Amino acid sequence: MTPQPHDEMRGYTARGLLEGRRALITGGDSGIGRAVTVAFAKEGADVAITYLSDQRTTTLGTPPGLVQETGRRCVPIRGDLSEEDNCDEAVRRTAAELGGLDILVNNVATQSPVDDVGKAVQ
């Protein structure tokens with residue numbers, strides 16, 4: 015992708031604004047959610063992220079690896095949040111594994127490519 019997204023927050027200077035907080039970020043594996051995940055960790059928060067596909071959470075350079083680079087904890091939670099039970103489980107796991115939950119960023123979304131943007135918004 016050109017230009018490259020800034021989702022790893024490499025030039026971001028943190029000020030400790032979220033020190034000691036625990037956050038659940040839905041859709042935290044990519045795009046805006048990934049950038050928020052890394053920024054929150056740099057600001058001092060431990061984070062749990064939800065994701066749909068299991069391919070984005072296994073290596074460094076992915077949100078858990080990027081969070082670990084900051085010295086914070088990341089709990090990846092796989093599940094389809096269009097199902098209520100998975101939402102409940104994400105909150106339960108976050109609170110249990112991080113020792114509580116202070117912040118929820120509800121960022122989960124889906125994308126569908128279209129050939130004609132004009133037709134897609136009608």
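According to the working numbering, the stretch in the sequence shown is residues 15 to 136, in order. From the three backbone atoms N, C-alpha and C, an ideal C-beta is built for every residue, glycine too. These numbers come from a predicted model, not from an experiment.
Measuring CA to CA, which of V61, V119, F54, R29 is closest to E111?
Translated into positions along the sequence shown, residue 111 becomes position 97. The candidate whose alpha carbon is nearest that of E111 is V61.
Would you kindly report the start and end of the unbroken beta strand (DSSP E) that includes A37?
On the sequence shown, residue 37 is found 23 positions in, with the first residue counted as 1. Counting along the chain, the unbroken beta strand (DSSP E) around A37 starts and ends at 36 to 39.
If I measure Cβ to Cβ from V131 and keep anything under 6 Å in the same chain, skipping five residues before and after, which residues do I get?
Taking the sequence shown and counting its residues from 1, one reaches residue 131 at position 117. If the five residues before and after V131 are omitted, its C-beta is found closer than 6 Å to no C-beta atom of its own chain.
Contacts around V119, its chain only, beta-carbon distance under 6 Å, and the 5 residues preceding and following it disregarded:
Mapped onto the sequence shown, residue 119 falls at position 105. Closer than 6 Å at the Cβ level, and outside the excluded window around V119, lie I39, V50.
Quick one: what does DSSP say T108 is sitting in, helix, strand or coil?
As a working note, residue 108 is residue 94 in the sequence shown. If DSSP states are grouped into helix, strand and coil, T108 belongs with the helices.
Nearest to C101 (by Cα), restricted to the options T27, I63, G45:
Here residue 101 refers to the residue found at position 87 of the sequence shown. It is I63 whose Cα lies nearest to the Cα of C101.
Own chain partners of R107 with C-beta closer than 8 Å, once the 5 adjacent residues on each side are dropped
Numbered from 1 along the sequence shown, position 93 holds the residue referred to as residue 107. Excluding the 5 residues flanking it on each side, R107 has same chain C-beta neighbours closer than 8 Å at A62, V89, I91, in chain order.
Across which residues does DSSP place D60 in a beta bridge pair?
Sequence index remark: in the sequence shown, residue 60 carries index 46 (1-based). Its beta-bridge partners are R36.
DSSP bridge partner residues for V117 (one or two, in chain order)
Taking the sequence shown and counting its residues from 1, the one referred to as residue 117 is at position 103. This sequence places Ile at residue 117; Val is not what is there. Looking at the DSSP assignment, I117 forms a beta bridge with A37.
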